[in-house]
Amino acid sequence: MTVNTPDGLRAILDDPAGAVIGLDFDGTLSPIVPDPDSARIHPDGPAVLARLGELVGAVAIVTGRPAATAVEYGSLARVPGLVVLGHYGLERWEAGRLTAPPVHPGLARVRAELPPLISRFDGTRFEDKERSVAVHTRQTADPQAVLEALREPVAKLAAEAGLTVEPGKFVLELRPPGVDKGVALSAFLEERSARSVLFAGDDLGDLPAFAAVRASGLPGVTVFSGSAEIAVEADIVVDGPSGVMKLLGSIADAIGR
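Just so you know, the sequence shown maps onto residues -11 to 245 in this note's numbering.
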């Protein structure tokens, strides 16, 4: 684990009741796997998060996945006070209740036109998340080359359907405009009158949340758990979900003392 600045962590430890712990799911709480449907939280995750939930102001999962899926794959239903902001904040799961706006009408078009568009590349995978769709290239012979080949036609289709494209690690996600993890996290910090914040993520889609931490004006810390390409944006760098678990566990230990 690499630590560049302890200021945000110190604020969380000094005043845990005012702290919001925000976490991505895939690559942060769950290891990245070839089939997204087989992703599950790190074995230590439910216990560590349940412990944190008793100690800090709020624990929030901010994910591109459907909120209910994150709850299921993370075995999170019993984490005290947990809030899951799914689909980049379009959905909210709290205390067993799910709230969400209507599905964007442009998704019907991309559901029909995107699978034929990507079918010429063997190994591409189409994922329907109900409020967004994604194209995965991880299982192709050359994931990066296929991603680049699809970038322009996918962007064109998304624009025609009134959607935006969120790039990630061997994935292009098409979703409604005006939502991202930064918007979701900022609104949650304001709602909870947060006095400090930590956010952990691993991919390009987490950068808006990192920016939201910096823009909040609160004592904050960002944690990166993925590849080195955007690690420079984080205050703390850990080794994948196991490193996240160790960090969160150490925070819980320190608060408990």
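Ideal Cβ positions, reconstructed from N, Cα and C, are used throughout, including at glycine.
Find the nearest neighbour of residue i within the set the options, judged by alpha-carbon distance.
{"i": "V232", "options": "L37, A149, D116 and V121", "result": "L37"}
{"i": "D110", "options": "E101, L138 and A83", "result": "L138"}
{"i": "L135", "options": "D241, I106 and I218", "result": "I106"}
{"i": "P196", "options": "V59, G10, G(-4) and E140", "result": "G10"}
{"i": "K286", "options": "L1, G189, R180 and L160", "result": "Examination of residue 286 is not possible in this model, given that the chain is present from -11 through 245 alone."}
{"i": "D3", "options": "S230, A222, A58 and V185", "result": "V185"}
{"i": "E178", "options": "R163, K157, V201 and I224", "result": "V201"}
{"i": "A122", "options": "R108, P131, A133 and V142", "result": "V142"}
{"i": "G77", "options": "S204, S238, L173 and V209", "result": "L173"}
{"i": "L102", "options": "P90, E115 and V91", "result": "E115"}
{"i": "E56", "options": "A242, S204, G244 and A83", "result": "The question names Glu, but residue 56 in the sequence shown is Ala. Out of A242, S204, G244 and A83, A83 has the C-alpha closest to the C-alpha of A56."}
Residue i lies in the beta strand (DSSP E); which residues open and close that run?
{"i": "I218", "result": "From DSSP, I218 is part of no beta strand (DSSP E); its letter is neither H nor E."}
{"i": "I281", "result": "Nothing about residue 281 can be read from this structure; the chain reaches only from -11 to 245."}
{"i": "L86", "result": "R85 to T87"}
{"i": "L11", "result": "A7 to L11"}
Just how far apart, CA to CA, sit residue i and residue j?
{"i": "P207", "j": "L145", "result": "41 Å"}
{"i": "L40", "j": "A100", "result": "43 Å"}
{"i": "L86", "j": "P34", "result": "20 Å"}
{"i": "N(-8)", "j": "L235", "result": "Interpretation of N(-8) is limited by its pLDDT of 42, a score under 50 that renders its predicted location unreliable; no figure is taken from the coordinates."}
{"i": "P164", "j": "P93", "result": "9 Å"}
{"i": "A58", "j": "L64", "result": "8 Å"}
{"i": "R258", "j": "V71", "result": "Any property of residue 258 remains undetermined from this structure, which presents the chain solely from -11 to 245."}
{"i": "D14", "j": "I20", "result": "6 Å"}
{"i": "E42", "j": "V167", "result": "29 Å"}
{"i": "P104", "j": "V171", "result": "33 Å"}
{"i": "E148", "j": "Y61", "result": "33 Å"}
{"i": "A(-1)", "j": "A46", "result": "15 Å"}
{"i": "P131", "j": "P22", "result": "11 Å"}
{"i": "R126", "j": "H75", "result": "21 Å"}
{"i": "A27", "j": "S18", "result": "6 Å"}
Taking DSSP's pairing of strands, which residues face residue i in a bridge?
{"i": "D191", "result": "Note: D191 sits in no beta bridge, so no partner."}
{"i": "E136", "result": "DSSP lists no partner for E136."}
{"i": "L73", "result": "V50 and R80"}
{"i": "H124", "result": "R113 and V159"}
{"i": "F212", "result": "G189 and V225"}
Is residue i close to chain E? Criterion is C-beta to C-beta, closer than 8 Å.
{"i": "L177", "result": "Chain labels in this structure do not include chain E; a single protein chain is all it has."}
Which stretch, first to last residue, makes up the alpha helix (DSSP H) that contains residue i?
{"i": "G41", "result": "G33 to G41"}
{"i": "G237", "result": "G228 to G244"}
{"i": "L316", "result": "Residue coverage of the chain in this structure runs from -11 to 245, which leaves residue 316 outside it and unanswerable."}
{"i": "P103", "result": "G94 to I106"}
Less than 6 Å between C-beta atoms, sequence neighbours within five positions excluded: which residues of the same chain meet that for residue i?
{"i": "R183", "result": "D3 and G6"}
{"i": "L(-3)", "result": "V209"}
{"i": "G237", "result": "V36"}
For residue i, which residues in the same chain have their Cβ closer than 8 Å to its Cβ, ignoring the five residues on either side in sequence?
{"i": "A129", "result": "D110 and G111"}
{"i": "M(-11)", "result": "A caution first: M(-11) carries a pLDDT of 46, below 50, which makes its placement in the model unreliable, though a value can still be read off. Hits under 8 Å: I224, V225, V226, D227, G231, K234 and L235."}
{"i": "E140", "result": "none"}
{"i": "A175", "result": "G77"}
Less than 7 Å between C-beta atoms, sequence neighbours within five positions excluded: which residues of the same chain meet that for residue i?
{"i": "D12", "result": "V50, T51, A188, G189, D190 and D194"}
{"i": "T152", "result": "A146, R163 and P165"}
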